[in-house]
Ligand code: ADP
């Protein structure tokens with residue numbers, strides 16, 4: 612990266628002023644903007660073919676099922692799952708470009724918080740052999756916010772808990788109804804995070820790529836997006852973790868706020 616700073620000298624030849632550096636800051640910002648634009652356009656363009664790929668794969672899976680060809684139905688089922696992963700990666704990229712350009716939109720409305728959490732658990736449980744233990748999911752609290760976005764946060768914490776605890780049998784999810792907020796905590800008994808890295812996990816594209824025994828796939832965007840969502844709704848997100856023992860990720864959001 613070239614710094615095009617030039618010295619402006621006075622009559623005696625002493626340097627009176629440097630100029631040109633502002634331009635470079637401007638140049639850097641321009642590059643950032645171009646990168647974000649590219650990411651936005653690329654993820655948008657990727658989304659369209661992947662969406663039709665998904666539709667075709669679904670049709671073919673059910674065709675094979677109907678004709679009793681379970682071997683091929685099974686293959687198509689696997690393909691569907693991979694297409695879903697691709698779709699999730701692309702939508703994370705899209706979300707990040709929206710966040711970075713201030714265009715992440717919220718459709719806030721009242722909804723039943725507990726029912727939403729139960730729905731996420733059911734969804735995640737369907738695709739995982741790990742036992743998801745529910746604790747204290749007893750309240751019926753109406754809260755105000757974007758249901759889909761909050762679903763996204765809970766899903767992210769639960770799927771991370773499962774992904775980063777490859778040798779554990781279970782993960783635990785707690786909800787707590789506090790005076791002005793609702794709180795969700797997801798506890799796992801997995802690899803944990805060392806103290807110096809804990810502060811960084813909510814940064815965009817930040818990831819710890821695993822150790823010798825395990826590598827974990829991902830783009831390092833889920834927690835960044837989750838923390839932006841929670842912050843935008845006036846809440847907090849945090850982590851407590853002990854390396855080698857496990858992590859608890861939690862967040863809270865205010866109840867009814869208009
Ligand atoms: P990704 O999982 O795609 O890398 P995330 O933003 O969800 O991205 O997480 C960022 C990083 O935080 C991960 O790469 C991982 O190192 C760490 N992390 C997240 N959740 C957990 C967890 N439950 N246990 C241990 N490490 C975690």
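Numbering (full-length UniProt numbering), first residue to last: 612 to 869.
Glycine is no exception: its CB is placed at the ideal position from the N, C-alpha and C atoms.
Report the three-state DSSP secondary structure of residue 636 (helix, strand or coil). helix
Ignore the nearest five residues each way along the sequence and tell me which others in residue 629's own chain have a CB closer than 8 angstroms to its CB. 616, 617, 618 and 619
Uninterrupted alpha helix (DSSP H) stretches inside the segment 757-828 (no shorter than 4 residues): 758-774 and 806-809
Shortest alpha-carbon distance to residue 672 belongs to which of 730, 658 and 690? 690
Residue 850, DSSP secondary structure in three states: strand
Spatial neighbours of residue 698 in its chain, beta-carbon cut-off 6 angstroms, leaving aside the 5 residues before and after: 661
Beta carbon of residue 682: closer than 8 angstroms to some heavy atom of ligand 1? no
With distances taken from CA atoms, which of 737, 643, 852 and 793 is nearest residue 810? 852
One or two residues paired with residue 865 in a DSSP bridge: 792
Give the straight-line distance between the Cα atoms of residue 802 and residue 826, rounded to the nearest whole angstrom. 11 angstroms
Under 8 angstroms: does the beta carbon of residue 802 sit that close to some heavy atom of ligand 1? yes
Simplified DSSP state of residue 662, which is helix, strand or coil: helix
With a threshold of 8 angstroms (Cβ to nearest heavy atom), would residue 812 be considered close to ligand 1? yes
Reduced DSSP category for residue 708 - H, G, I as helix; E, B as strand; rest coil: helix
With distance defined between alpha-carbon atoms, name the residue in 844, 686 and 818 nearest to residue 829. 818
Alpha carbon to alpha carbon, how far is residue 675 from residue 755? Give it in angstroms, no decimals. 43 angstroms
Measuring only the C-alpha atoms, how far is residue 588 from residue 791? Outside the displayed range of the chain (612 to 869) lies residue 588, so it cannot be described from this structure.
I'd like to check one pair, residue 771 with residue 871: are the Cβ atoms closer than 9 angstroms? The requested residue 871 does not occur in the structure, where the chain is confined to residues 612 to 869.
Taking the alpha carbon of residue 739 as the point to measure from, which residue in 843, 649 and 782 has its own alpha carbon closest? 782
Using DSSP's beta-bridge definition, name the partner residues of residue 858. 852
Identify whether residue 653 lies in helix, strand or coil by the three-state DSSP scheme. helix
Taking 8 angstroms as the line, does the beta carbon of residue 818 fall inside it for any heavy atom of ligand 1? yes
Less than 8 angstroms separating the Cβ of residue 772 from some heavy atom of ligand 1? yes
Buried or exposed: where does residue 622 fall if 16 or more other Cβ atoms within 10 Å of its Cβ makes it buried? exposed
Excluding the 5 residues preceding and the 5 following residue 799 in the sequence, name in chain order all residues of the same chain whose CB lies nearer than 7 angstroms to its CB. 772, 775, 776, 779, 782, 857 and 858
Tell me whether residue 763 is buried or exposed, calling it buried when 16 or more other Cβ atoms sit within 10 Å of its Cβ. buried
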